Amino acid sequence: MPDTVTLAVTRYRPEKESEPTVQNYEVPFRKDWVVLDALNHIKDKLDGSLSYRWSCRMGVCGSCGMMVNGTPKLTCATFLSSFLPGPVRVEPLRYFPVVRDLVVDISDFMRKLKKVKPWLIRANDKPLSDGEHLQTPEQLDNYKRFSMCINCTLCYAACPVYGLEPSFIGPAAIALAQRYNRDSRDEGWAQRMEIVSDPDGMWQCTFVGECTKACPKDVDPAGAIQQYKLSGVADWLKSLF
Amino acid sequence: MEISSCDVLIVGGGGAGLRAAIAAVEAIPQLRVAVISKVYPMRSHTVSAEGGAAAVIKPADSLDEHAYDTISGGDWLCDQDAVEAFVKEAPAEMLQLEHWGCPWSREPDGHIAVRPFGGMKVERTWFAADKTGFHMLHTLFQTTLKYESIQRYDECFVTKLLVDDGRCQGVVAVELATGKILAITAKAVILATGGCGRVFPFTTNANIKNGDGMALAYRAGAPLKDMEFVQYHPTGLPFTGILITEAARAEGGWLLNKDGYRYLQDYDLGKPEPKPVLRSMELGPRDRLSQAFVKEQEKGRTLEGPYGHYVHLDIRHLGAKVIDRKLPFVRELCLKYQNIDPVKEMIPVRPVVHYMMGGISTDLHGATPLRGLFAAGEAACVSINGANRLGSNSLTECLVFGARAGKAAAAFASNSMPEPGRAVFAQARDEQNRLENDLLGKTDGSGGKERISTLREEMARITEASAGIYRSGAVLERAAANLRTLQERFGNVVLDDHAYTFNTELTSALELSYMLDLAEAIVHSALARTESRGSHQRTDFPVRDDRKFLAHSLAFRTPDGTPRIDYLPVTITRWPPGKRVYGK
């Protein structure tokens with residue numbers, strides 16, 4: 022085991038420089054350190070000017086996604102030891118505009134999330150006094166997987182279609198639409214279909230499957246998109262007769 | 059400086075803040091409601107809550123049982139009128155979340171399922187596997203997206219409350235992406251910024267839990283209530299502080315010392331049974347379990363690793379099937395962050411700071427003594443948590459009191475009141491000057507250059523040593539003096555980063571200064587309470603003293619920055635103070 026490891030970190034400070042640069046930092050190597058621990062060591066001890074996002078350090082808040090040696094990763098769940106002897110390359114998430122250093126602008130993703138109407142839609146709201154909507158464990162399992170998305174946007178950084186065509190609504194947003202569509206309490210399928218089947222929607226996906234590989238929560242956005250396409254075709258067939 | 063305005067401004071976009079936002083727009087739809095948060099709302103720390111949320115729904119349960127478990131769990135420091143309102147409104151709030159789409163775990167027939175939890179006589183914890191907070195937060199956030207009248211200021215860090223004419227009239231904030239200073243005026247402000255676990259070194263709390271709202275209120279003259287009551291969760295992972303949910307014990311997990319012995323039986327918590335028994339052994343309350351750990355350590359019966367002493371949480375006997383169905387996140391966390399598989403190995407755990415019972419003093423509607431200022435969730439202290447919060451009450455508290463504060467703030471904001479005057483904007487300009495010149499622009503300190511992380515580490519060492527699971531007068535007095543010194547040294551902090559764009563060192567400095575204020579409030583409140591109650595255990599005053607201390611502490615900030623401690627009587631309705639009995 023080495024004593025130290027080098028992190029090659031992409032820097033970009035728009036007030037000072039017009040192009041990103043790479044800065045190397047030597048940090049102690051510890052077996053139980055994740056990449057985020059190394060970044061925190063840099064920030065605390067070596068260079069307070071490095072900017073990045075993080076919060077929960079337990080893989081659920083979705084803040085700390087970055088490219089680590091070219092792959093989109095949650096840095097809180099990526100051990101340094103997987104990249105020995107280094108250097109470990111840390112870059113901002115691919116395909117997003119960079120605000121500064123390792124911080125990317127996700128406002129486009131936030132707009133897309135809202136666009137798919139990710140809330141329960143019902144023709145008639147049931148009054149609270151009537152109690153809960155019944156939903157069996159099997160019905161819950163039917164959408165559960167798609168409800169696990171933490172909005173970390175790793176799937177966008179993995180998606181070559183999004184890289185070429187930023188208007189593509191993208192994996193996480195479609196998976197979220199599908200999370201509500203498959204919920205036995207929801208009646209909003211038709212409204213969402215209109216949005217998801219528009220030209221920037223699911224038909225852009227060429228089923229590369231990179232999104233599902235990148236997902237740290239096993240959500241399977243590629244599967245959601247395929248389901249959506251199948252139901253879209255069924256819908257179109259029905260409309261013919 | 060960019061100036062904007064709204065009617066109700068909510069600081070914090072976690073469970074309490076988002077619930078408040080929806081309650082405010084539903085109460086008065088024409089109000090302009092805004093949520094300002096230093097992170098995108100779905101990053102808020104509510105997301106990390108695992109086990110569940112308590113509300114009476116099953117026929118075998120009753121509101122009085124929930125109230126009693128809460129009040130006895132809180133060692134009779136809860137305000138009982140607040141607890142009664144809380145348990146009564148809890149079921150409808152939880153149902154409301156179900157109607158908004160929260161994926162609650164279910165019984166085979168499709169009804170809501172509940173699980174047992176520590177300190178409870180009857181099972182009443184609603185759960186969404188072991189990612190309850192995550193599902194609640196995303197459900198709330200996604201639901202807010204359908205309300206066009208809820209505006210958001212994402213990734214904007216609030217640095218000051220604007221107070222004029224005895225009324226809170228808005229905030230000053232830094233827009234992180236640009237470094238632009240914002241002055242946002244509002245008729246009512248709700249602080250829903252969560253707790254301040256990061257004041258301590260070992261905590262389950264996320265990096266963002268710096269007590270921003272508590273410090274903002276405190277600096278604006280509102281008192282902080284019961285700050286000496288800090289909840290340690292008995293089962294955190296040693297290095298990271300990652301929480302292993304109480305549900306692991308509720309499903310039948312055991313706490314074992316280095317000899318493989320279920321040591322809780324030695325601490326008046328009942329007899330070991332193979333199956334979990336409510337309010338007994340591993341399902342005793344959090345304060346008592348954390349205290350038992352310290353006693354066990356003193357007896358030399360804990361294990362020692364690179365991050366200090368620990369014991370084992372053993373869930374192997376539950377089997378892979380139960381673990382994967384009921385505790386999938388526990389397994390995931392252990393595998394990904396501790397590199398162990400709880401199906402085959404025991405989990406190393408130690409007590410870690412988890413929750414602040416104390417907070418901004420509010421009434422039953424979330425109103426603080428400062429007009430126009432409201433608070434809800436962990437940032438607030440109503441108080442329903444008393445001297446020790448009952449597990450799975452905090453998520454429910456976010457909903458019940460978030461909704462109450464949202465409604466009350468909306469009603470307040472619908473009154474006619476004068477527009478913010480020149481004094482308000484003068485304050486905002488002074489704040490801009492402080493941020494840009496005293497912090498961002500400063501390149502040299504008169505007393506040398508201090509690093510943020512050095513001061514933060516020293517602060518955490520002081521709080522852990524003095525205001526941890528056991529406290530004493532002498533140590534607390536020393537801690538108070540040392541914190542004063544740190545406050546002075548903070549004046550010499552010089553940033554490496556002088557840029558406006560996404561300057562996270564500036565926010566770290568501001569967070570540290572908030573935490574130093576709160577550390578002082580905690581230590582002084584602990585020093586003044588010369589009794590032992592719930593999570594506040596004084597080795598020099600080991601007994602509960604109802605004659606003197608059936609009272610909430612109130613910490614007021616004095617002009618020199620130190621707190622002044624005052625007291626407010628506890629409201630008792632139907633449950634006179636009694637003995638906390640577990641394991642019988």
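In order, the protein sequence lines correspond to chains D and E. In terms of this note's numbering, the first sequence is numbered consecutively and its last residue is 262. In terms of this note's numbering, the second sequence is numbered consecutively and its last residue is 642. Yeah, the Cβ is synthetic: ideal placement off N, Cα and C, and Gly gets one too. The structure displayed is predicted, hence computed values, not measured ones.
Sorting E/372, E/296, E/88 and E/578 by C-alpha distance to the C-alpha of residue 362 of chain E places E/296 at the top.
Residue burial annotation: residue 355 of chain E is buried, with at least 16 other C-beta atoms found within 10 angstroms of its C-beta. For residue 226 of chain E, there is no enclosing alpha helix (DSSP H); the residue is found in the beta strand (DSSP E) stretching over 225 to 233. If you draw a 10 Å sphere on the C-beta of residue 390 of chain E, you find 16 or more other C-beta atoms in it, and that means buried. For residue 413 of chain E, the uninterrupted beta strand (DSSP E) run begins and ends at 405 to 414, by DSSP. In the three-state scheme derived from DSSP, where H, G and I count as helix and E and B as strand, residue 93 of chain D is classed as strand.
Contact holds between the segment 257 to 269 of chain E and the segment 77 to 87 of chain D, because three or more Cβ pairs, one in each stretch, are under 8 Å apart. In this structure the segment 215 to 235 of chain D does not lie against the segment 65 to 78 of chain E, because fewer than three pairs of beta carbons, one per stretch, are closer than 8 Å. The beta carbons of residue 85 of chain E and residue 465 of chain E sit closer together than 9 Å.
Beta-bridge partners of residue 42 of chain D (DSSP): D/32. Nearest Cα to residue 187 of chain E within the set D/141, D/155 and D/166: D/166.
Taking every protein chain shown into account, the CB of residue 331 of chain E has fewer than 16 other CB atoms within 10 angstroms, so this residue is exposed. Counting along the chain, the unbroken beta strand (DSSP E) around residue 293 of chain E starts and ends at 288 to 294. With the rule of 3 Cβ pairs closer than 8 Å, the segment 212 to 225 of chain E counts as touching the segment 273 to 289 of chain E. Residue pairing by DSSP places residue 193 of chain E in no beta bridge whatsoever.
A Cβ-Cβ distance of about 12 Å is found for the pair residue 42 of chain D and residue 112 of chain D, leaving them out of contact under the 8 Å criterion. Using a Cβ-Cβ cut-off of 9 Å, residue 46 of chain D does not count as an interface residue toward chain E, since no Cβ of chain E sits closer than that to its own.
Within chain E, the C-beta atoms nearer than 8 Å to that of residue 140 of chain D come from 158, 159, 200, 201, 203 and 204, in chain order. With its beta carbon at least 9 Å from every one in chain E, residue 259 of chain D lies outside the interface.
Membership of residue 121 of chain D in the beta strand (DSSP E) is indicated by the continuous run 119 to 121. The C-beta of residue 583 of chain E has 16 or more other C-beta atoms within 10 Å across all chains shown, which makes the residue buried. For residue 192 of chain E, the chain D residues whose C-beta falls within less than 7 Å of its own C-beta are 81, listed in chain order. In the DSSP annotation of this structure, the continuous segment of the beta strand (DSSP E) that includes residue 218 of chain E starts and ends at 214 to 222. Among the residues of chain E, those whose CB is under 8 Å from the CB of residue 120 of chain D are 235, 559 and 560, following chain order. For residue 183 of chain E, the secondary structure class from DSSP, reduced to helix, strand or coil, is strand.
In this structure, the beta-carbon distance from residue 576 of chain E to residue 273 of chain E falls below 9 Å. A straight-line Cα-Cα distance of about 13 Å links residue 474 of chain E and residue 89 of chain E. Using a CB distance cut-off of 9 Å, residue 272 of chain E does not count as an interface residue toward chain D.
Between the segment 511 to 522 of chain E and the segment 532 to 542 of chain E, the count of C-beta pairs closer than 8 Å reaches three or more; the two stretches touch. In the DSSP assignment, residue 348 of chain E falls outside any beta strand (DSSP E) and within the unbroken alpha helix (DSSP H) covering 344 to 356.
Judged by DSSP secondary structure, residue 80 of chain D falls outside any beta strand (DSSP E); it is assigned neither H nor E. A straight line joining the alpha-carbon of residue 55 of chain D with that of residue 260 of chain E spans about 17 Å. Among the bridge pairs identified by DSSP, residue 382 of chain E is matched with none. Taking a Cβ-Cβ cut-off of 9 Å, the neighbours of residue 553 of chain E in chain D comprise 69 and 70, given in sequence order. By the Cβ-count criterion, residue 243 of chain E is buried, with 16 or more other Cβ atoms from all chains shown falling within 10 Å of its own Cβ. Taken in chain order, the members of the segment 142 to 157 of chain E whose beta-carbon sits within less than 8 Å of a beta-carbon on chain D are 150, 153, 154, 156 and 157.
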